[in-house]
Each structure stands twice: as structure tokens, then as C-alpha cells.
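Trainee: Quick note on numbering: the sequence shown equals residues 1258 to 1976 in this note's numbering. We treat Cβ as the ideally placed atom computed from N, Cα and C, and that holds for glycine.
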Amino acid sequence: MPADKTPVEDLAEDQAAAELAQLAAEIAHHDELYHGHDAPEVSDADYDALKRRNEAIEIRFPQLVRDDSPSRRVGSAPLASFAQITHSRPMLSLDNAFSDDDVRDFVGSVYRFLGQMPDGSIAFTAEPKIDGLSMSIRYENGRLVHAATRGDGTTGENVTENIKTIKDVPNRLPAGVPAVVEVRGEVYMTKSDFLALNEKMAADGKQTYVNPRNTAAGSLRQLDPKVTATRKLKFFAYAWGEMSEMPADTQLGMVETFRDWGFPVNPLMKRLFSVEEIIAHYSEIGLQRPDLDYEIDGVVYKVDRLDLQQRLGFRSRSPRWATAHKFPAEQAFTHVERIDIQVGRTGALTPVARLTPITVGGVVVTNATLHNEDYIKGLGNSGEPIRPEGHDIRIGDTIIVQRAGDVIPQVLDVVMEKRPADAVAYEFPKKCPVCGSHAVRERHEKTGKLDSVTRCTGGFVCRAQAVEHLKHFVSRNAFDIEGLGAKQIDFFFEAEDPNLWIKTAPDIFTLKKRQETSHLLKLENIDGFGKVSVKKLFDAIDGRRSIALHRFIYALGIRHVGETTAKLLARHYGTYDAFGQAMRDAADLSSEAWSDLNSIEGIGEVVARAIVEFFKEPRNGEVIGRLLEEVTPEAAEAASTSGCPVAGKTVVFTGSLERFTRDEAKARAEGLGAKVAGSVSKKTDYVVAGPGAGSKLAKAAELGVQVMTEEEWLELIGG
Ligand code: IVH
């Protein structure tokens, strides 16, 4: 602890907030080195001093205690100590609705997808969205076999022993239940138990907790289930995973079954038909919210009939048959102290408002995104005024900020009466603040419209872009290299020594070799590393020398190519060689490769162009070439449902379909592993033509592609 720190008694509130943020990051860094790398870089005494300082500031400013404060971390057990469980069915999240119109859109989209008139005939359930943590509990032959947290949706943590301490959760189910039952729902702590626990903590001179949800999460993720047992956790059942038999054919029926089996279910669940009824129930639950003894953050609507749920299916992360109507976010007033510009991976200059720290819904907010130049001016994407009266944002302004869930805080409006007389309009930089290159707003080739994003033209010259690119490359859904996070990338990027630096992605994979031949600068002699962590790092890097194709494509950091697009590309092209070659060929806009790329369902022209542009840049080709000497992208699986005759085939639907809507037919085909294209090419396997089919049918005949009726298609896919 440096001697020049201001005594805690003399700290102003804003200084305190800033220091708590700094301490949270610093202590987390030391924890990570200590637990994750066995390589502490400070003495125990210095570490304790940091924790004491954090505590002293929090005692003086209890309102500033952060969610991520070191004093809040429940237990010191690294989460990796829980075994992992792969969910038999993924645990998905829900789409959100924020307004009555969003709810109307949701209901409308359900009818549209099913090809029905919106006549109020489809039943929906509405129930509170519990603010806890979701859990999947598996029973085999009536006995609880395991329980897992949601985790990343695919794999979660095995918390079986802890769940068994929750009285609401039966260990055995009544006789006659299906052989396999997975009940899903929310673990939560009541508001009254939370307050009582906090009172006790305070009486014992211990630090109190922030909110019931964090406390529930912390209580559950205890390695010692005895600790969990002392916390009064509760459970509501509202969904399911694998079921060897379905005991009901509606959402409500399923939940009633769970109730009969001994699970608590929420009493406010209702079955409704019209949008008006749904919205009225939302208001009703909103009115009851303060009196409920558990935290809720919205109302969840689900299509009641399970056969309709099945027809509606899923998008990549959420079901089409459900949505969460959120309660309004929390708001607060604060000041804009400064506007900083951050430069991202694709060179986008993003302005960020630095705010006088303020607590919004229990969390200290210090930044708000200002998106782009027009947003600061009060203009939307089409030049329309945004915020109630299109006020611009100036340094020194008093603003209303809003925080909704975990999203980045937004500026709702400017309080014009409080604008300082000398406040001047913000001038957006014309040059990149990092590399000094010109920063420009591109014009859309066809519409001539000015893009809202200002971009640095420096490309590889720009340090910020190069570093952000590397951070993206190692991020969780890309190469996900343990021990090589954003902080380490900063360090390796700045390194002066060629035996140590990482300037481009291939350098990650040559680091070990360079280190072996270097006598001067050994990583293990550098503060914060040490022998054990260096070995771990090199092992982690070697572990990624073979990688799924979609991760590889995503990691390249091509503009507009997110995870979903990367998966589409991997599935379409199968191997990196095929993909790379096709992208180079597609530079010729009259080529088959270009039209094939555009025919991939889910890839539009803007994305296609961005990919082709990326491959045109010789520097990218050079970096990928070096990368491929180190790393092997694995061939993508042709389709998830092998055995199905349409898996891996390319289908085009044309004309009007009678049994399905177009969206539904497409989702169904994709679910069976087929690719659905928008236009007919040599690569098309089947054209499914309904009445009124025109040019696509002619093209199919010309290319000799097999044409079938909707009935024949249904027969092929098994009805
Ligand atoms: S249904 C496939 N119902 O909200 C959909 N979720 O944003 C399964 N949640 O991870 C979820 N209350 O943790 C559903 N009544 C409720 C809920 C609920 C809370 C949580 C759940 C889920 C998250 C989705």
C-alpha cells in the first residue's frame, strides 16, 4: 500500500467510488494469480492491506459497495472445483419485451409463424420471472441423481449435494413418474430471509450482502454443502429438460404435474388469450411486486400448447414460443464529467461518457455508452431526433441514466435546466486518438447514406485495433486460451523483446519456441508469471492447436461475422480450405462462389461483402497463412442429425406452401441438418415447389436439380 494514500476519513464520495473500483480490480487480479496460477506477485501482508483498505472505505461509504467487491465474494473456492455437467437439453435464455408493443409483436409473430390469423385462439401462460438462478434437476426412476446450474447453457456446475439441502426440492418423486425426469426452475432466497441473514451478519461484525440473487448464487456455489444448508434457499419449478414421457400436453398442465409431484410452483401463473388480457396480468403482477417476498424482474409469457411450442421451435439462443416482459429499468441523475473515445477491433470509435459515480439499482455506475457521433447530437440512425426532444449531450450536463439488468447503462435524457451556461457542443474527433490516422464515416455504396460509425483508417498500423483483434482472438467463444486474457495480451503486445512479444495471432503459437531459444528474457523470470504458470500457459496454447472450424472463423475477427454467422459458414463449407478458396474466388462478383456465398440462408450482402473484403487484404492472407502453419481447424460436422435423409443437403423452398409457413418450413429443415438457400444453384439438392413457383423452378429444370412437392418433401423428412 503506497504511503501517499488519502486517509479514509478525508476521501470524497467520488474518490471513494473510484478507489473501490480500482481495489476490486486489483484484488481480483491478485486472487486470480494466487488461485489460478499459483503465482502471487504481492506478499500476504500487502494483500491483506488492500483488503483492509477496501473494507474501511466500504464501512464509511456503505452505499458504494460494489457487486464485485472483494468483501462480497462468498467463499474463496475457485469455481473450477465443481465438476461440470453437460445438459441433456440446452438451457436457453429468453428474448425480452420492454413495451406493450413488443408484447403485441411477440404474439403477432407466433400467429404469423404458425400461419394463422391473429384471432385470439392461441393460449399463452403468464407467470412472474423470478430473479434467482436457474437450475436443472434430474431424476432417474424417481430418485434425484444430479443437479446443475445453467452455466453457459450447454454445461453447468454439478451442485447436487447443495441442492439436496433445499427443502423445497424433493429427493424422491412419487411412484409412477416417468423413468427420466428433468425439472427446471429457479433457486432463490426470500427478501425476508435475505434481510434476516444480513442482520445477523452485521451483528456478527461481518460484511453484509448486496441482494437476494447474489446471496442465493453465493450460497449455492459453496463447496461445503453444510454452508448451503444454513441458508434458506427456495425453489420454483417452471420448465423441464429431458423427459422420457410427457405427463401433460400444455405448459400449465406440466407445471400442475410438477406441483402434484411435490415441487413448489408459482401461484401467479395464469392462462390467457388476448394481448389485452396478457398486458393486464402484467400490470397486476407489477402492482403486487412490492408485496411479494421474492424478487421478480418481469413476467414470462409462453405458448401453452406443447405441440405448438414444438412447431415454433428455437432461435439460436431462445425459444420462439416464449418471451420475458421486463419491468422498467431503474434510473438516476448524474453528471457527464468527460467524454472518452475507445477504439475497437474493427476501428470503430466509440464515445463513452465518464460519469460522476452514482448508484442505480444497487450498482455503482461510472460510464455510459454514447454509441456514436449522431447519438451525442441527439440524432438516430435515420437522422430522427432521439431522447424525448433530441437534446444533445455535453460535458458538464446533468443526465438521467438507466440501467436494465446487466446491460451497459444508457443515457435517457438531458436535464436542460441544469445545463451550465458555458457548455459547448461536443466535437467528435477527426483523427483516431490512438494512432492519429484519419477517422471517417463511410458512405453506403448504394443508398449514399452516411454510416453512423466513425472508423479509424489505420488498420494494422493502429495499436488499438491490433490489440483488440488479439483480445477477440483469445476470447471465450474464439480460441479461449486459459491464462491468456485481455490483461496478458496487453502485456505481451507491449513487450519490446522479439522473443516475448505477441503482435499478431500466430505469435501466440510460436511463443514457446521463441522462449526456448531465448537466453535473455525468460517469461518465468517476469513478475506475475513463475514456472508453474508459464507451463500451464504453454499447455493451454498447445491445447488449441486443433480447433473447431467455426471458432477459427469467428476468431479471425471479420467485420459482421459473429458466432452465428461463423457457424453458418463452417457448416456450409465444411473445411477451412474450401472456405478460404471460396472467399478468394468470391472476389469476382460474377463468380459461382459469390452467388453461392449469398445463397446461404442467414448471410446477407453486407456480411458477404465484409468477408470478401477481408480476404482481399493481402496482410490478412499473410497472417492466416502463418496461423495455419501452427493451428489446424477441424472439419465441420456435415449435420447434427446424421441418418436423416436431408442432413447436409441444400434445399430451396419456392411458391406458396400449404402445410407450413415459409419460416416454419425453413426452421424444420435446418433442425434436421439441411441448409436452406434462397436461390437455386448447382449446389442445390432439392427444390420444394408449391403453387405459383416461377423462375426458381425454371432454374432447377435448367440445372437438373430434383424438384418435389410439399407432400413429397414431408414424406422425405418423415412427416
Ligand atoms: S422459462 C426455454 N420461466 O429467466 C425457456 N425462465 O432469461 C426456459 N426465469 O435462464 C426459461 N423465471 O433463469 C422461465 N418463470 C420463468 C422464469 C425464468 C425466471 C429465468 C431463467 C432463465 C432466464 C431467461
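1) Straight-line CA distance for R1310 to R1866?
2) Mind checking which residues open and close the alpha helix (DSSP H) that includes E1541?
3) Relative to the C-alpha of L1826, which residue among V1869, F1795, L1794 is closest?
4) Just list the residues that DSSP pairs Y1943 with in beta bridges.
5) From the DSSP secondary-structure annotation, give me the bridge partner or partners of T1616.
6) Are the Cβ atoms of Y1445 and A1405 separated by less than 8 Å?
7) Could you pull out every residue in the same chain whose Cβ sits closer than 6 Å to the Cβ of R1346, ignoring the five residues on either side in sequence?
8) Which residues have their C-beta within less than 6 Å of a heavy atom of the ligand IVH, listed in chain order?
9) Just verifying my parser: in three-state terms, what is the DSSP assignment at S1345?
10) For I1553 and C1692, what's the separation of their Cα atoms in angstroms?
11) Cβ of M1511 less than 8 Å from any chain D Cβ?
12) Report all residues from its chain with a CB closer than 7 Å to the CB of N1402; omit the five preceding and five following residues, and keep chain order.
13) How about F1318 and A1285: are their beta carbons less than 8 Å apart?
14) P1642 to K1770, Cα distance in whole Å?
15) Taking just the CA atoms, how far does R1528 sit from I1536?
16) Figure out for me which residue from G1604, G1601, P1608, V1600 has the closest Cα to the Cα of V1593.
17) Does the separation of the CB atoms of V1681 and V1668 fall below 8 Å?
18) For E1862, which option in L1277, Q1373, G1935 has the closest C-alpha, if you only look at C-alpha atoms?
19) Rounded to the nearest angstrom, what separates V1557 and A1950 at their Cα positions?
20) Under DSSP, the alpha helix (DSSP H) around A1924 begins and ends at which residues?
21) Please report the straight-line C-alpha distance between I1665 and I1652, rounded to a whole angstrom.
22) Measure from the alpha carbon of P1890 to the alpha carbon of each residue in G1475, Y1811, K1932, then state which is nearest.
23) First and last residue of the beta strand (DSSP E) that includes H1592?
24) Whether or not the region 1435 to 1450 and the region 1488 to 1508 are in contact is what I'm after, with contact meaning three or more pairs of Cβ atoms, one per stretch, closer than 8 Å; do they touch?
25) Specify the secondary structure class of K1932 as computed by DSSP and reduced to three states.
26) DSSP three-state label for S1639, please.
27) In whole angstroms, give me the CA-to-CA distance for P1435 and R1400.
28) For G1377, collect the residues of the same chain with a Cβ closer than 6 Å to its Cβ; drop the 5 residues on either side in sequence, then sort them by chain order.
29) According to DSSP, simplified to helix, strand and coil, what is V1609?
30) For R1516, which three-state DSSP category applies?
31) Tell me the DSSP secondary structure of V1426 in three-state form.
32) What does the alpha-carbon distance come out to for the pair P1576 and S1366?
33) What does V1437 pair with, by DSSP beta-bridge criteria?
34) Buried or exposed for P1327, going by 16 or more other Cβ atoms inside 10 Å?
35) Note down, in chain order, each residue of its chain lying with its Cβ closer than 6 Å to the Cβ of G1332, except the 5 sequence neighbours on either side.
36) Please say whether N1415 and F1363 have beta carbons closer to each other than 8 Å?
Mentor: In short, the structure shows the following:
1) Spanning the alpha carbons of R1310 and R1866 requires a straight line of approximately 53 Å.
2) Bounds of the alpha helix (DSSP H) holding E1541 are 1532 to 1545.
3) Residue V1869 is the option with its Cα nearest to L1826.
4) Paired residues: V1908, Q1963.
5) Beta-bridge analysis with DSSP links T1616 to V1621.
6) Result no, Cβ atoms of Y1445 and A1405 do not sit closer than 8 Å.
7) Cβ neighbours of R1346 within its own chain (closer than 6 Å, five residues either side excluded): G1498, E1499.
8) Per the CB criterion, closer than 6 Å to any heavy atom of the ligand IVH, the qualifying residues run in chain order as L1349, S1350, L1351, E1384, K1386, I1387, S1391, R1407, E1443, Y1495, A1496, V1557, P1576, A1579, A1581.
9) In the structure shown, S1345 falls within a coil segment according to DSSP collapsed to helix, strand and coil.
10) Answer to the nearest angstrom: the Cα atoms are 47 Å apart.
11) Although the question refers to chain D, the structure presented lacks it and comprises just one protein chain.
12) The displayed chain sequence assigns Val, not Asn, to residue 1402. Taken in chain order, the residues that qualify are R1395, Y1396.
13) No.
14) A direct Cα-to-Cα measurement between P1642 and K1770 gives close to 56 Å.
15) Their Cα atoms are separated by approximately 12 Å.
16) Selected option, being the one with the closest Cα: P1608.
17) For the 8 Å CB-CB criterion, V1681 and V1668 do not form a contact.
18) Minimum Cα-Cα distance from E1862 among the listed residues L1277, Q1373, G1935 corresponds to G1935.
19) When rounded, the distance between both Cα atoms is 40 Å.
20) Segment 1919 to 1928, the alpha helix (DSSP H) holding A1924.
21) Near 19 Å, if we compare the C-alpha coordinates of I1652 and I1665.
22) Here the closest residue by C-alpha is Y1811.
23) Looking at the DSSP string, the run of the beta strand (DSSP E) that includes H1592 is 1587 to 1600.
24) With a cut-off of 8 Å on Cβ pairs, the region 1488 to 1508 is in contact with the region 1435 to 1450, counting three or more such pairs.
25) K1932: strand per DSSP, three-state reduction.
26) S1639: coil per DSSP, three-state reduction.
27) Roughly 11 Å between the two C-alpha positions.
28) Answer for G1377: F1530, S1531, listed in chain order.
29) Strand, per DSSP.
30) Here R1516 sits in helix by DSSP.
31) Residue state for V1426 is assigned as coil, using DSSP reduced to three classes.
32) Distance from the CA atom of P1576 to the CA atom of S1366, rounded to whole angstroms, is 12 Å.
33) E1397, per the DSSP bridge assignment.
34) Around the beta carbon of P1327, 16 or more other beta carbons sit within 10 angstroms, so the residue counts as buried.
35) Only weak support is given to the placement of G1332: the predicted model assigns it a pLDDT of 31, under 50, and the question is left unresolved by the model.
36) In terms of Cβ geometry, F1363 and N1415 do not form a close pair [threshold 8 Å].
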